[in-house]
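Enquirer: Numbering follows full-length UniProt numbering, in which position 495 of the sequence shown is assigned residue number 495; successive positions increment by one, without gaps.
Okay, handing you the structure first.
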Amino acid sequence: MEAGGTNVSIQTVVPYAFEPDTAANRLQYLPRTLALRMLNRRLSILAKAENAPFLSGIVGISEQFDLFRNAAIELNCRPDQWTAALAVAEQELRRALEHGFQPEELAEVVAEMTNNLEQAVRTAPTRRSNGLADFLTGSLIDDAVPTHPIADQRLYQPALATLTPEACTADLRATWAEAAGRKLFVSGNVQIPRAPQNIAAAYTASTRTVVAAPPKIAAAAFAYTDFGKPGKVDERTEVTDLGATLLAFKNGVRLNLKPTDFEAGRIRLNIRLGGGTLTAPADQPGLPLLANVAFTTGGLGRHSVDDLQRLLAGRTVGLSFGAQSDAFSFGATTNRADLLLQLQLFCAYVTDPGFRPESLRQVHKAAEQLYQRLPHTPEGPLQLEVAGLLAGGDPRFGLPAREVLLARSLDELKAWLAPQFARGPVEITLVGDFEPDAAIEAVARTFGALPKRDKKPAYTEARRLTPPAEPLAKAYTITSEIPKALVRLYWPATDARDVKLSRRLRLLNDVFADRLRVEIREKMAGTYSPNAAPDLSDTYPGYGWLIADATVAPADTRLIADAIKKVAADLHAGGVTEEELERARQPVLTALRESARTNGYWLGSVLAAAQEFPERLDWSRTRYSDNESITAAELSALAQQYYVPAKVSEFIVTPIAPAAPKL
1 MEAGGTNVSI
11 QTVVPYAFEP
21 DTAANRLQYL
31 PRTLALRMLN
41 RRLSILAKAE
51 NAPFLSGIVG
61 ISEQFDLFRN
71 AAIELNCRPD
81 QWTAALAVAE
91 QELRRALEHG
101 FQPEELAEVV
111 AEMTNNLEQA
121 VRTAPTRRSN
131 GLADFLTGSL
141 IDDAVPTHPI
151 ADQRLYQPAL
161 ATLTPEACTA
171 DLRATWAEAA
181 GRKLFVSGNV
191 QIPRAPQNIA
201 AAYTASTRTV
211 VAAPPKIAAA
221 AFAYTDFGKP
231 GKVDERTEVT
241 DLGATLLAFK
251 NGVRLNLKPT
261 DFEAGRIRLN
271 IRLGGGTLTA
281 PADQPGLPLL
291 ANVAFTTGGL
301 GRHSVDDLQR
311 LLAGRTVGLS
321 FGAQSDAFSF
331 GATTNRADLL
341 LQLQLFCAYV
351 TDPGFRPESL
361 RQVHKAAEQL
371 YQRLPHTPEG
381 PLQLEVAGLL
391 AGGDPRFGLP
401 AREVLLARSL
411 DELKAWLAPQ
421 FARGPVEITL
431 VGDFEPDAAI
441 EAVARTFGAL
451 PKRDKKPAYT
461 EARRLTPPAE
471 PLAKAYTITS
481 EIPKALVRLY
491 WPATDARDVK
501 LSRRLRLLND
511 VFADRLRVEI
521 REKMAGTYSP
531 NAAPDLSDTY
541 PGYGWLIADA
551 TVAPADTRLI
561 ADAIKKVAAD
571 LHAGGVTEEE
581 LERARQPVLT
591 ALRESARTNG
601 YWLGSVLAAA
611 QEFPERLDWS
621 RTRYSDNESI
631 TAAELSALAQ
641 QYYVPAKVSE
651 FIVTPIAPAA
661 PKL
C-alpha cells in the first residue's frame, strides 16, 4: 500500500566463500565493475525514452554473509507495466551478454573512474577526521583493507589503460551464466493473479524476442565554449578581515571569491539568478516544482542530458538547480582544472536550456509514484495541504494536487524562466582551492560576456503572505498498514531578517527540544523521539514558525500532543533557566567554531548573496560573540512572546488499515 510503484527483478544466486581483499582480487573484478556501470548507463538512457515502461533501473552484484553471491537487474515501474518492464530487464541484460559493449561506452566509464581516482588524490590531504573514521570502521566491517588514494590510483590506473570491452563482456557473461539459473521477482504495489505462472510466462515470452546490438555512438564535442567578448571588472572590494573579494562586472554580474585551504582540490560554486518563486505565475501552481525536477534533465539546446554525461565524463563538473524562494540557484563542486568548463556548463544552461520532452516524461513518471504514495504516509497531508494552509493558501507552499502538477507544461516553464535568465541579476560565489585571477578570468569569459543584467526589483507584493489569523486544528487519516501516526504543532513566530532575534529564537528552540526529550522520552519512559525546529523565512517579512513534532503510536496522539503543548506552556510561563541556557549554548558555540573552517559555511551562510545582502558579512563577524552574550532573561521573554498556548496550531495524522484485497 505504501509503495509508490512496482519493482521487477531478474536475479541469480551462486555459492560464495570469503575472499580476502587483495590487489589481485580488486583487479580481477575491475572488468565486471565497469560492465555493470555501462549497463546501468544504458538503463538510465532507456528510462528517458518515449513510452519507456519503467522509471529507473539498476544492475548490481553483492556478496552476502560469506555464503552467496547475488547478481540482479531491477526496474521500478507502474503496477500495470510490470510485464513490459520485465521484458526490458530481460532483453537489455541479454543484449549486453550477446553483443557486448562499444569502445565509446568503455571510454566513458574509464574516464569517470580515472577522474575519481585523480580527484581522490587531490583531496586526500584535507580529508576530515570523521570521514576517515567512517572509512576505517567501514573497512573493518567489510573485511576490506583501507588503502590511500595514491595506492588506489597506482593499482587501478595501469589496468584501466589496457582494459577492453571484450574483457568486460566476458566477466558479465560469467556472472550471469545460465548454469546459475534465474530467479524472477515482482514486488510492491501490484496484485498478480496466479503470480508464479504469469510472471514465468511473461519472462518466457520476452526471451523469444531477438535483440539487436545497440546503435553506434556518434562522436561529439561540448558545444558551449564561446559566449562572446570577455567582460571587464568594474568594481572590486577587498574584505580583508574575512579573506574575501567582492567584484562587479560591467554587465552587472557580481562575483564573490574566498580562497581557502579547507578542502584541497575542491571548489564549491553557487549562482543566484533572478527572483526565484517570487516571480512564479500565480495562475500556474506547480510550476516551481516542475522547474526543480525538469530543468536540468531537459539538457541543453545542442546536447541532451545523456549526451552531457558522455561528453563530460572524466571531468569534475556537475549541476544542481532549484527555484528557491527569492532566486534561482545553481550549484556544483569542481576543481582548478575544470573550473572554466564548470562555468561554461552553468552559462550554457542559462543561455540555451533544452526543455526537452524527455524531462517532462520523467516528471510524469515520478509524479505517478509520488502521488500514489502520499495518501499512505503521515507526511502526505502536511505536504499536500498543511503547508499551504499555514501560508494563507499561497500556491508556492507545499505540493500541488497531482492533476495540477501534471497540467503544467514545458512551454509554461520556458515562458517563466526565459526572461529571468536573459536579464535577471546574477551573483556568483566561489569558495575553496582556486587562484582568484584564474577564477575572475573564467567568469569574464562566461557570465561576464553576457548582455547587461537588470537590477533586482523589491518584489514587495510577491513577498506578502496572509497566514491564518486564528490557530488551526485538523485531523487527517491515511490508509496504511504501518501503525505510525504523526503529531505536529506550529507556533507563529517571525522572519529571519533580524539576525539577533533569529539567533535567540534558534537557541530558545534548542532549550525547548531538550525539554521535550526529557519530558517525553525520559520521564514518560517512551520510545518516541520528539523534534523541534524553527522555520524562519528570509524572503517573506514576518513569516515563520516554531515547530514540534513526534511520530507515535496511533493510540498516543492525544497524549503526546498534550504533552508537547504542556512543555511549551511551561516554557511560556516559567521561562528559561541559566543551566538550560548553557546546556543549549555550548553545542552551538562548538558548531560555530567548527563551521568557520568549512567551505560550506562560507558559501552558504556568508558569501552566496553577500552583495545582495551585505549585512551577511557583519553577521559572520558577530555570530560567536552575539551567541555568547545571549541571556536567560532574553530567552524567557521570547518564550513568553512566542510559545503562547492559545496560538498553537495542531495537526494530527493517523492511519487506518486498508480493506483486505479481493483476490
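Beta carbons are placed, not taken as given, at the ideal position from N, Cα and C, and that holds for glycine.
1. Rank GLY100, ALA144 and THR209 by C-alpha distance to the C-alpha of LYS216 and give the top, closest one.
2. Does LYS250 pass the burial test, meaning 16 or more other C-beta atoms within 10 Å, or should it be called exposed?
3. Tell me the start and end of each unbroken alpha helix (DSSP H) in the stretch 389 to 470 that is at least 4 residues and wholly inside, in chain order.
4. ARG310: buried (16+ other C-beta within 10 angstroms of its C-beta) or exposed?
5. For the stretch 508 to 533, which segments carrying the beta strand (DSSP E) assignment without a break, of at least 3 residues, lie completely within its bounds, in sequence order?
6. Which of the three DSSP states is assigned to ASP226 in this structure?
7. Cutting at 6 Å between CB atoms, please list the residues of its own chain near LEU255, excluding the five before and the five after it.
8. Which term fits ALA473, buried or exposed, when burial requires 16 or more other beta carbons within 10 angstroms of its beta carbon?
9. Starting from THR137, trace the alpha helix (DSSP H) in both directions and tell me its first and last residue.
10. Please state whether DSSP places THR162 in a helix, a strand or coil.
11. How big is the Cα-Cα spacing for PHE135 and VAL567?
12. Are the stretch 263 to 276 and the stretch 329 to 347 touching, with three or more C-beta to C-beta distances below 8 Å?
13. Can you find at least 3 beta carbon pairs, one from the stretch 353 to 371 and one from the stretch 450 to 457, that sit closer than 8 Å?
14. I believe GLY448 touches GLY600 by the beta-carbon criterion, under 8 Å. Please report the beta-carbon distance rounded to the nearest angstrom.
15. For LYS183, list the residues DSSP reports as bridge partners.
16. Are the beta-carbon atoms belonging to THR260 and GLY392 less than 8 Å from one another?
17. In whole angstroms, what separates the C-alpha of GLN372 from that of GLY5?
18. Going by DSSP, what residue range makes up the alpha helix (DSSP H) through PRO31?
19. Using CA atoms only, rank isn't needed, just tell me which of PRO614, VAL211 and ARG585 is closest to GLU628.
20. Could you tell me the alpha carbon to alpha carbon distance between MET38 and ALA200, rounded to whole angstroms?
21. Going by DSSP in three states, ALA657 sits in which element: helix, strand or coil?
22. Using DSSP with H/G/I as helix, E/B as strand and the rest coil, what is TYR203?
23. Between the Cα of CYS168 and the Cα atoms of THR126, GLN102 and THR123, which residue gives the shortest distance?
24. So, for PRO554: in the same chain, excluding its five sequence neighbours on each side, which residues have a beta-carbon less than 8 Å away from its beta-carbon?
25. Keeping to the same chain, check which residues put their C-beta closer than 7 Å to that of GLY542; ignore five residues upstream and five downstream.
26. Which of the three DSSP states is assigned to THR622 in this structure?
27. I need the straight-line Cα distance from PHE651 to GLU481, nearest angstrom please.
28. When we look at the beta-carbon of TYR29 and count the other beta-carbons within 10 Å, is it buried (16 or more) or exposed?
29. Beta-carbon within less than 6 Å of GLN383's beta-carbon, same chain only, minus the 5 sequence neighbours each way: which residues are those?
30. Pull up the distance between the alpha-carbon of TYR490 and that of ALA532, whole angstroms please.
31. Grab me the residues of GLY188's own chain with a C-beta within less than 7 Å of its C-beta, minus the 5 sequence neighbours each way, in chain order.
32. For GLU92, which option in PRO165, SER9, VAL13 and THR123 has the closest C-alpha, if you only look at C-alpha atoms?
33. Report yes if the C-beta distance between LEU172 and MET113 is below 8 Å; otherwise report no.
34. Out of LYS258, ARG182 and GLY275, state which residue places its alpha-carbon closest to the alpha-carbon of PHE434.
35. In three-state terms, what does DSSP make of GLY82?
36. Spatial neighbours of VAL110 within its chain, please: CB distance less than 6 Å, with the 5 preceding and 5 following residues excluded, ordered by chain position.
Expert: Put simply:
1. GLY100
2. By the neighbour-count rule (16 or more Cβ atoms within 10 Å), LYS250 is not buried but exposed.
3. 402 to 407, 410 to 423 and 436 to 445
4. buried
5. List check, beta strand (DSSP E) in window: nothing returned.
6. coil
7. Hits under 6 Å: LEU247, ILE428 and VAL443.
8. Looking at its Cβ environment, which holds fewer than 16 other Cβ atoms inside 10 Å, ALA473 is exposed.
9. Start and end: 129 to 141.
10. Reduced to three states, the DSSP call for THR162 is helix.
11. Taking the straight line from one Cα to the other gives about 41 Å.
12. yes
13. no
14. Actually they are not in contact, since the Cβ atoms of GLY448 and GLY600 sit about 26 Å apart, beyond 8 Å.
15. Beta bridge pairing from DSSP links LYS183 with GLN11.
16. Contact flag unset, no.
17. 8 Å
18. 30 to 47
19. ARG585
20. 27 Å
21. coil
22. It is helical.
23. GLN102
24. PRO483, LYS484, ALA485, THR654 and PRO655
25. THR494 and ASP495
26. helix
27. Taking the straight line joining both Cα atoms gives about 21 Å.
28. exposed
29. Answer for GLN383: GLY398 and LEU399, listed in chain order.
30. 10 Å
31. ALA3, GLY5, THR6 and ASN7
32. SER9
33. no
34. LYS258
35. The sequence given here places Trp at residue 82; Gly does not occur at that position. Residue state, collapsed to three classes: helix.
36. LEU160
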